[in-house]
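In the working numbering, each number is its position in the sequence shown, counted from 1, plus 12.
Glycine included, each C-beta is placed from N, C-alpha and C at the ideal position.
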Amino acid sequence: MSTHDTQVADRRLFAVAGLGTLAYVGIWPVPTDDDGPTKDTYVDAAHPGMTPREFAYVLRQLGDRFDEKADAEGEPPFDADALAEANARNAEAGR
Numbered sequence: 013m014s015t016h017d018t019q020v021a022d023r024r025l026f027a028v029a030g031l032g033t034l035a036y037v038g039i040w041p042v043p044t045d046d047d048g049p050t051k052d053t054y055v056d057a058a059h060p061g062m063t064p065r066e067f068a069y070v071l072r073q074l075g076d077r078f079d080e081k082a083d084a085e086g087e088p089p090f091d092a093d094a095l096a097e098a099n100a101r102n103a104e105a106g107r
């Protein structure tokens, strides 16, 4: 197996351990045929032990914790508008 194949295989490994798992979210890059950057991501989520509203609440709480950690580490704020504009420009350019 090539180094690229090994990296792709590593990126696809995903497991949820334990029978008492209430919920999970898995996010990983879509494999590419070459060593180029991935252009998309897979997202998988399930919340068999929670209602959709409970799961959404947990995700918001987790997002707040990530933001607090980023602030404490001096990470600049995320500019979602700039990202949306860049994505729109890329879509128009066929990228």
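Short check: CB of residue i to CB of residue j, under 8 Å?
| i | j | result |
| --- | --- | --- |
| Met62 | Ala105 | no |
Where does residue i sit, in a helix, a strand or coil, going by DSSP?
| i | result |
| --- | --- |
| Ala94 | helix |
| Val37 | strand |
| Val55 | strand |
| Glu80 | helix |
| Ala68 | helix |
Between the options, which has its C-alpha nearest residue i's C-alpha?
| i | options | result |
| --- | --- | --- |
| Tyr54 | Asp45, Pro41, Asp47, Pro60 | Pro41 |
| His59 | Ala94, Val37, Ala103 | Val37 |
| Ile39 | Ala57, Arg77, Asp93, Phe90 | Ala57 |
> Can you find at least 3 beta carbon pairs, one from the segment 57–71 and one from the segment 82–98, that sit closer than 8 Å?
Replying inline: no
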